[in-house]
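Colleague: First the structure, which I've put down as structure tokens, then a few questions once you've had a look.
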Amino acid sequence: MLNYTKMNQKKRLIIAMTGATGAIYGVRMLQILQAQEQWETHLVISSAGVVNLTYEMGMKRAELNALADVTHGINDIAASISSGGFKTEGMIIAPCSMKTLAAVAHGFGDNLISRSADVILKERRRLVVMPRETPLNLVHIRNMASVTEMGGIMFPPMPAFYSKSDSLAAMVDETVGRVLDMFGVNVDGLYTPWEGLVK
17 MLNYTKMNQK KRLIIAMTGA TGAIYGVRML QILQAQEQWE THLVISSAGV
67 VNLTYEMGMK RAELNALADV THGINDIAAS ISSGGFKTEG MIIAPCSMKT
117 LAAVAHGFGD NLISRSADVI LKERRRLVVM PRETPLNLVH IRNMASVTEM
167 GGIMFPPMPA FYSKSDSLAA MVDETVGRVL DMFGVNVDGL YTPWEGLVK
């Protein structure tokens, strides 16, 4: 993790959302981070992501933007997060479409999401990708392998049934909690880590 406390009292985290199903993951992350004063969120969402946000969540873009500290346009390649000189803790793509995954895997920085992911990888910062597609074809698997080889972390949003979650919201929180925990975010109460079978 980067240590730039003296430069900026808040830790910055980029949250990107694409057109894959699972808008709830990005929304929930922003909600959790909004309640934590030490974090500054930078949001970028694709056009397809906005469509999905409305369809799945019944949310308007303005409502989503209100959850973030800073918002960036998908085509704003001159945005702060497009530069390695802009210090962040990393980036989460939640959810990540196969199109965006392919762009990241091949360094095709055609929009701010893929460009920012490229910056995170080249600066050796943490990139967590939450790919949403099933079943997977060979190209999907190879693109996941490619991003992993570059240092990215593949985190498909798969529920853990051993937690015996009693609601969809609890399953979402468990996944979101595990991802945010990778960045040192306080996730107390979101999920209970596995500690083995009680004997």
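Residue numbers (the working numbering): 17 to 215. We put the CB at the ideal spot given by N, CA and C, even for glycine. All values reported here derive from a predicted model rather than from experimental measurement.
1) Would Y178 pass as a contact of D189 if the rule is Cβ separation under 8 Å?
2) Mapping DSSP to helix, strand and coil, what is V201?
3) Would you please state the rounded distance, in angstroms, between the beta carbons of R148 and P111? I believe it to be under 8 Å.
4) For M146, which of helix, strand or coil comes out of DSSP?
5) Apply the 10 Å Cβ neighbour rule to L80 and answer buried if 16 or more other Cβ atoms are within range, or exposed otherwise.
6) DSSP puts R28 in a beta bridge; with which residues?
7) When you compare only the Cα positions, how much space is there between G89 and M107?
8) May I have the straight-line CA-CA distance separating G100 from V60, to the nearest angstrom?
9) Determine, using beta carbons only, whether L117 and V145 come nearer to each other than 8 Å.
10) Which residues bound the alpha helix (DSSP H) around H122?
Modeller: So, from the listed chains and residues:
1) no
2) coil
3) 4 Å
4) strand
5) buried
6) Per DSSP, E56.
7) 16 Å
8) 17 Å
9) Contact: yes.
10) H122 -> no alpha helix (DSSP H), and no H or E assigned at all.
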